[in-house]
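To convert, take the position in the sequence shown, counting from 1, and add 568; that gives the working numbering.
Written below as structure tokens is the structure these notes are about.
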Amino acid sequence: MNKLIFFLLISCSSCCGGYWKNRMDVIIENNSIHNIACFFPTTHIYPVENYPCKIYPDTTITFSPHFVQSNIAPHTSGKYVFVCYDNIEYVYDHHNTDTLSLFIFDCNIIESVTWSRIIEDYDILARYDLSREDMNSFKKDKNGMPVIPYPPTPEMKGIHMYPPYKELKKNNE
């Protein structure tokens, strides 16, 4: 049994060598009063049964809550990790898309209602549909990673988002 476990560990480490080495982070800057969670739906390298993950232009919530990265406290920043990607261009290329959606949730909602209710009510704080140009327009942190603010800043009013910029700004300021 120990030999089997050792063999599996060696096998996994050899095929996943770049798993942590080739990762890129997107910084989510939370300037709101909410604890937030976020998720970029992408097709999975390792698909999970019963949790299909659809990408833009399908903006329905088809992913599982355990894929959502949280808890970014108010007035702090957190990292969203893209594992196995070393740059944002590769994320777009790998998924054969020109737009990635970023879903932003209120952590209190995630903790207080069922996931099916969140899906049914489309209970999100925001969804940014980010083109490559949008992603490249964000300021960069000291490591060159994009910093995406929530709520959106005036510089973001041209980015496709739900709810639209003015409504989102008014509700979450």
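Beta carbons: idealized from backbone N, C-alpha and C, even for Gly.
None of these values were measured; they are calculated from a predicted model.
Cβ-based neighbour list, residue i, same chain, cut-off 6 Å, excluding 5 preceding and 5 following
| i | result |
| --- | --- |
| I629 | I687 |
| V596 | The sequence given here places Ile at residue 596; Val does not occur at that position. Within the same chain, I596 has close Cβ partners C606, I640, G646, Y648 and I716. |
| K725 | Y733 |
| S684 | none |
| P633 | W683 |
Residue i versus the options, residue with shortest Cα-Cα distance
| i | options | result |
| --- | --- | --- |
| L668 | R695, N676, N639 and Q637 | R695 |
| E602 | T682, I678 and S684 | Here the sequence assigns His to residue 602, which means Glu is not the residue at that position. When only C-alpha atoms are compared, the closest one is I678. |
| Y730 | K707, D702, N711 and Y690 | Y690 |
Close-in-space but distant-in-sequence residues of the same chain around residue i (CB under 8 Å, 5 per side omitted)
| i | result |
| --- | --- |
| S705 | E723 |
| D709 | I595 and V715 |
Distance CB(residue i)-CB(residue j) smaller than 8 Å
| i | j | result |
| --- | --- | --- |
| F673 | V636 | yes |
| S680 | P642 | no |
| N598 | S638 | no |
| F671 | I692 | yes |
| C675 | I604 | yes |
| D661 | S699 | no |
Beta bridge counterpart(s) of residue i as assigned by DSSP
| i | result |
| --- | --- |
| F673 | A605 |
| I595 | K647 and V715 |
| K708 | P714 |
| L668 | L698 |
| M729 | Y696 |
| S638 | A605 |
Residues near residue i by beta carbon distance below 7 Å, same chain, minus five either side
| i | result |
| --- | --- |
| D702 | I727 |
| P615 | For P615, the pLDDT reaches just 45, beneath the cut-off of 50, and the residue's location in the model is therefore unreliable, although a value from the coordinates is still provided. For P615, where only same-chain residues beyond five positions count, there are no Cβ hits under 7 Å. |
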